[in-house]
Amino acid sequence: MRRFFPFLLFLFFIALILRIDFFFTIAYLFFLLFVLARLWVGRGLQQVYFERQFTPRAFSGDTVAVEVQVRNSGRLPVPWLHVHESLPVEMISPPFHSEVFSLGAGEHRFFRYDLHARERGVYTLGPLAAETGDVLGLEPTRSTNFGSQQIVVYPRVMHLPRLRLPTRSPLAALPARMPLFEDPARVSGVRDYERGDSPRRIHWSATASAGRLLVKQYQPAVARETLLALDLNLDGYEGRRRREASELAIVAAASLANHIIVRERLAVGLAAEALDPLTHTRERFFLAARSERAHLISVLEVLARVRLVPGLPLGAVLRRERPRLAWGTTIVAITGRADEDLLDALAALRQGGFAVSMLLVQAPDLPLLTRERAALLGISIWPIWREQDLEHTP
Amino acid sequence: MNVLRPLGLTVMAACVALPISQVIVSVAPGLHAWFLSAACVLTVLEISYTHRIIRGQFGVDIWRLRAIEAGVYFVVLKATSVAIYGLPAGALSNWLLDIRWWLDGETLIALVLAVAFALAVDGALQDFDRVGEAAEHGRDYISSVDSLTGQFFTGGVVLMIFAGLARVSLIEILNTERPPVTGLVGEVLVYFLVGLLLISQVRLELLAVRWQAQGVRTPPNLTPRWVRYTVAFIGLAGLVAFVLPTGYTLGTLGVLGGILSYALGVLWIIVFLLISLMLLPINWLASLIRGSAVPPTLPAQPPPPPPPNINNLAQHPLPPWLDTARDIFVILVIIAFVAYLVWNYLRDRPGLYGSLKALAPLRALRRFWAALRHRVSGIVASARETAPMVWLRDRLRRAAPANPWSYFRLGAATPREQVLFYYLSLLRRAGQQGFGRRPPQSPRDYEPVLQENLPDAAPELQAMTSAFEETRYSEHPVTPQQAKETRAVWQRIRAALNGKKRDA
Chain A
37 MRRFFPFLLF
47 LFFIALILRI
57 DFFFTIAYLF
67 FLLFVLARLW
77 VGRGLQQVYF
87 ERQFTPRAFS
97 GDTVAVEVQV
107 RNSGRLPVPW
117 LHVHESLPVE
127 MISPPFHSEV
137 FSLGAGEHRF
147 FRYDLHARER
157 GVYTLGPLAA
167 ETGDVLGLEP
177 TRSTNFGSQQ
187 IVVYPRVMHL
197 PRLRLPTRSP
207 LAALPARMPL
217 FEDPARVSGV
227 RDYERGDSPR
237 RIHWSATASA
247 GRLLVKQYQP
257 AVARETLLAL
267 DLNLDGYEGR
277 RRREASELAI
287 VAAASLANHI
297 IVRERLAVGL
307 AAEALDPLTH
317 TRERFFLAAR
327 SERAHLISVL
337 EVLARVRLVP
347 GLPLGAVLRR
357 ERPRLAWGTT
367 IVAITGRADE
377 DLLDALAALR
387 QGGFAVSMLL
397 VQAPDLPLLT
407 RERAALLGIS
417 IWPIWREQDL
427 EHTP
Chain B
245 MNVLRPLGLT
255 VMAACVALPI
265 SQVIVSVAPG
275 LHAWFLSAAC
285 VLTVLEISYT
295 HRIIRGQFGV
305 DIWRLRAIEA
315 GVYFVVLKAT
325 SVAIYGLPAG
335 ALSNWLLDIR
345 WWLDGETLIA
355 LVLAVAFALA
365 VDGALQDFDR
375 VGEAAEHGRD
385 YISSVDSLTG
395 QFFTGGVVLM
405 IFAGLARVSL
415 IEILNTERPP
425 VTGLVGEVLV
435 YFLVGLLLIS
445 QVRLELLAVR
455 WQAQGVRTPP
465 NLTPRWVRYT
475 VAFIGLAGLV
485 AFVLPTGYTL
495 GTLGVLGGIL
505 SYALGVLWII
515 VFLLISLMLL
525 PINWLASLIR
535 GSAVPPTLPA
545 QPPPPPPPNI
555 NNLAQHPLPP
565 WLDTARDIFV
575 ILVIIAFVAY
585 LVWNYLRDRP
595 GLYGSLKALA
605 PLRALRRFWA
615 ALRHRVSGIV
625 ASARETAPMV
635 WLRDRLRRAA
645 PANPWSYFRL
655 GAATPREQVL
665 FYYLSLLRRA
675 GQQGFGRRPP
685 QSPRDYEPVL
695 QENLPDAAPE
705 LQAMTSAFEE
715 TRYSEHPVTP
725 QQAKETRAVW
735 QRIRAALNGK
745 KRDA
């Protein structure tokens, strides 16, 4: 409040000169208003807490409801509190939410808003700025910022009705096919002992319960591993359709990972070199093949945030990660450009005992020679132009 | 608002008009204070209620209308005067043509006051209309709120001056020995209370306009709460203000004069001694040259100014010790308040504070103060180490119980201590419910046990364990915000624990 200090000093001066007791009381009144306003505003913000409740993970196309609780945990009321929450423009328009509250002592309020997960990515909710002041304007308004939180939007996952990826692993027999080998780590049941069964297969506890010899039955070995090699090099996609093609490639990778882990219950890994927006640096991503659902989430987490970056071509990435691959791994290269370097890398992998295939995303037609060479090497190539094409992936 | 604001302004104008009229009447006893006050109040009332209508219809042509209004005021005042006091004796033509009858003192003064009040209130009403307008760029721009508060303060100062003059004559003001004026000054109280309420309302309107421009929805309960908080805030400050002491019997200026006399006396003695010491060798040399047998001596010290007689300062021959203590307390309170105001003023203006600090006398004073503090703290430290003090301290320490009762104040704890407190509280409560931590278990080992027993609070338990680990085993700084977040986590865990206890 402008001229408040000169006014107050003048009040004391007048009171001193005139020696009228009540004028001192008036001067005290204004002085106390000033001091109490300062204390009130200072304490007010310190005792206000905020808490956001929302699902921190969502898929593209989902609507995420966010509820923010504003709580005054102190004994002093807060006459007015203006909160302004910054939100990602990709998920809500306008990219903020503002509310004004009046909070009594111990009171809490909620406000809600919906976020629309249109695109994959890692988005930041907040920071939440809160501003308050006193009722007379004696003290300048004070504001503070509360922390921000992240929400991860996974890429869209398409439903793949079937997937026949090639395999070179003698242990990799899909359940629909004839099992050639058994996995001794997976007991699927018991059966009566037959002559010739190894004593090691006797299930002693079941035998004791049943009163007759029972042996264990094992599930077919399902050890096929798949590595999704995702090309996120800027030069890996045509200039005009670069963004759209790379997004389609990521959707393809997510859909494949989901199908392999959830439907086929097999292991899948991910290899890519991309820009990580969290660190703003080029990062090398390698997730070893695993078959748990939690691993699928890890894969989707990575796919949610990776971005195109000028970096290593996919062929170089494959060559670099080759020593980490288990024998018999099926490699699926997802890229928008099938150049000679990539074909050479895939050919080398094939000769090394790996099964390879390629998903070409919005790529121009391959030259005849390249197609013939790929066929000769046994590299199956599937072009996709739209998300719906994934449903028809052989 | 179309009713309350004009009413408030009218009440405030009445509060200001009353003492002004009283002072005028004290100077010119033939006039009538009520007449002058009524002229002002009715003018303000008329201006307040016609302001909006006139602005809307006449726009910039308002001054011509105001001039006509002033003429109408004059006629009304004269007619009222005639109605009250009657017509003067003599022939009609005599007094109708007599300019002195028309422009008599009371009418003129009433007219001048009415016009002055009308202008002031019109300005205030214009500022009320401007509340929330976009700020203009320019050095001379004053926002409507600043203008209103400035007018409020100015009116308050004018009111207090005239209210004071209405109670203390000008001659008496110069008399520092007069007794203080006690009792309530109603018009001052009403003026400031109504003014503060109006300022609060303006503040709310300003915020509401700003929020509306930003598209922010304001809750419907904001206005009634605002009113309640304003009344409570002013009421609390007023209650404390009425309790604080204000009366003192010692003449203020006399006390200040006495303090000054004492200080000057001490300074006089110091200066005299220094000059005497400097002149002593010169005097001795002079005596050698003169060959005088009389040894040089210090000149006779002229007496310093006598200190004031404290008995003459007080209204009583010798005030009781309680009165004296109260008086000193009042003066100290006033000095403390003023000092706090000045300190806050400077703290909010770092540029000005820096300029003042750079002044040479203040720099010297700060250096002196720092040296004095250093010397005093050194003396105190060495005094502590003297044998009796050491013996006494050791004796007291030995006498202290092994586990003295200590009260842990969470609010006074550091953020690191607070985080540790929350985790240890979790351990204690979990132990009370039968799934306490076993000694060999680390926090990470114990976390699955907690999650098994409190599955609904699994994320919070993980967060709490992580916070404790970082606080206990690392040297990372723990911020108050982290402590606050841990507290929120602890409250949720505690709710889960209470729920489990109820279910059991």
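Going down the list, the sequences are from chains A and B. As numbered in our numbering, residues 37 to 430 make up the first sequence, in order. As numbered in our numbering, residues 245 to 748 make up the second sequence, in order. Every residue, glycine too, gets a C-beta built ideally from N, C-alpha and C. These numbers come from a predicted model, not from an experiment.
About 47 Å separates the CB atoms of Phe41(A) and Tyr667(B); that is not less than 8 Å, and the two are not in contact. Just measuring C-alpha positions, the residue of Tyr329(B), Gly349(B), Val412(B), Lys728(B) sitting nearest Ile53(A) is Val412(B). Between the segment 296–309 of chain A and the segment 383–400 of chain A there are fewer than three inter-stretch CB-CB distances shorter than 8 Å, so the stretches are not counted as touching. Residue contact check for Pro113(A) against chain B: a CB pair falls below 9 Å. Annotation: the segment 71–121 of chain A contains the following complete segments of the beta strand (DSSP E) (minimum length 3 residues), in chain order: 84–89, 93–95, 99–108. Neighbours of Thr61(A) in chain B, taken as residues at a C-beta separation under 7 Å, are given in chain order as Ala485, Phe486, Thr490. Judged by DSSP secondary structure, Ala410(B) falls within the alpha helix (DSSP H) whose first and last residues are 388–411. Contact annotation for Trp455(B) against chain A: His118, Ser134, Val136 [CB-CB distance below 9 Å, chain order].
Residues of the segment 452–477 of chain B with a Cβ closer than 8 Å to any Cβ of chain A, in chain order: Trp455, Gln458, Gly459, Val460, Arg461, Thr462, Pro463, Asn465, Leu466, Arg469, Trp470, Tyr473, Thr474, Phe477. Taking a Cβ-Cβ threshold of 7 Å, the residues of chain B close to Tyr64(A) are Ala485, Leu488, in chain order. If you compare the alpha carbons of Thr462(B), Asp390(B), Val288(B), Tyr329(B) with that of Arg39(A), the shortest gap goes to Asp390(B). At the C-beta level, Glu280(A) and Thr366(A) stay beyond 9 Å of one another. Contact of Pro683(B) with chain A by beta-carbon distance below 9 Å is absent, the smallest such distance being about 32 Å. A residue is called buried once 16 or more other Cβ atoms fall within 10 Å of its Cβ, and Arg447(B) is buried on that count.
Rounded to the nearest angstrom, the gap between the Cα atoms of Glu167(A) and Leu117(A) is 6 Å. At a cut-off of 9 Å, the C-beta of Met404(B) has a neighbouring C-beta in chain A.
Contact annotation for Ala732(B) against chain A: Tyr85, Glu87 [CB-CB distance below 8 Å, chain order].
At a cut-off of 9 Å between beta carbons, Asp700(B) makes no contact with chain A. Nearest to Glu135(A) by C-alpha distance, out of Met127(A), Arg145(A), Ala141(A), is Arg145(A).
Under the 9 Å criterion on CB atoms, Val171(A) is classed as interfacial with respect to chain B. For Gln676(B), not one C-beta of chain A is nearer than 9 Å to its own C-beta. Three or more beta-carbon pairs separated by less than 8 Å link the segment 423–437 of chain B to the segment 246–264 of chain B, which places the two stretches in contact. Bridge partners of Val136(A) according to DSSP: His118(A).
When Cβ-Cβ separations below 9 Å define contact, Asp390(B) makes contact with chain A. In summary, the residues of the segment 424–439 of chain B whose CB is separated from some CB of chain A by less than 8 Å are Pro424, Val425, Thr426, Gly427, Leu428, Val429, Val432, Leu433, Phe436, in the order they occur in the chain. For Val412(B), the neighbours in chain A by C-beta distance under 9 Å run, in chain order, Leu54, Arg55, Ile56.
Residue pairing from DSSP leaves Trp240(A) without any beta-bridge partner. By the CB criterion at 9 Å, Arg688(B) and Thr715(B) fall outside the cutoff. Contact residues of the segment 566–586 of chain B toward chain A are Val574, Val577, Ile578, Phe581, Val582, Tyr584, Leu585, Val586 (C-beta to C-beta distance below 9 Å). Near chain B, meaning a CB-to-CB distance below 7 Å, the residues of the segment 69–81 of chain A are Leu69, Leu72. Only those residues of the segment 697–725 of chain B whose C-beta falls short of 8 Å from the nearest C-beta of chain A are listed: Gln725. The segment 96–105 of chain A makes contact with the segment 145–164 of chain A, as at least three CB pairs between them are under 8 Å. The C-alpha of Ile56(A) is placed about 43 Å away from the C-alpha of Phe137(A). Three or more Cβ pairs closer than 8 Å define a contact, and the segment 277–297 of chain B meets that threshold against the segment 350–359 of chain B. Listed by position along chain A, the residues whose Cβ is nearer than 9 Å to that of Arg673(B) form an empty set, because the closest Cβ is around 20 Å away.
Between the alpha carbons of Ala485(B) and Tyr293(B) lies a gap of roughly 35 Å.
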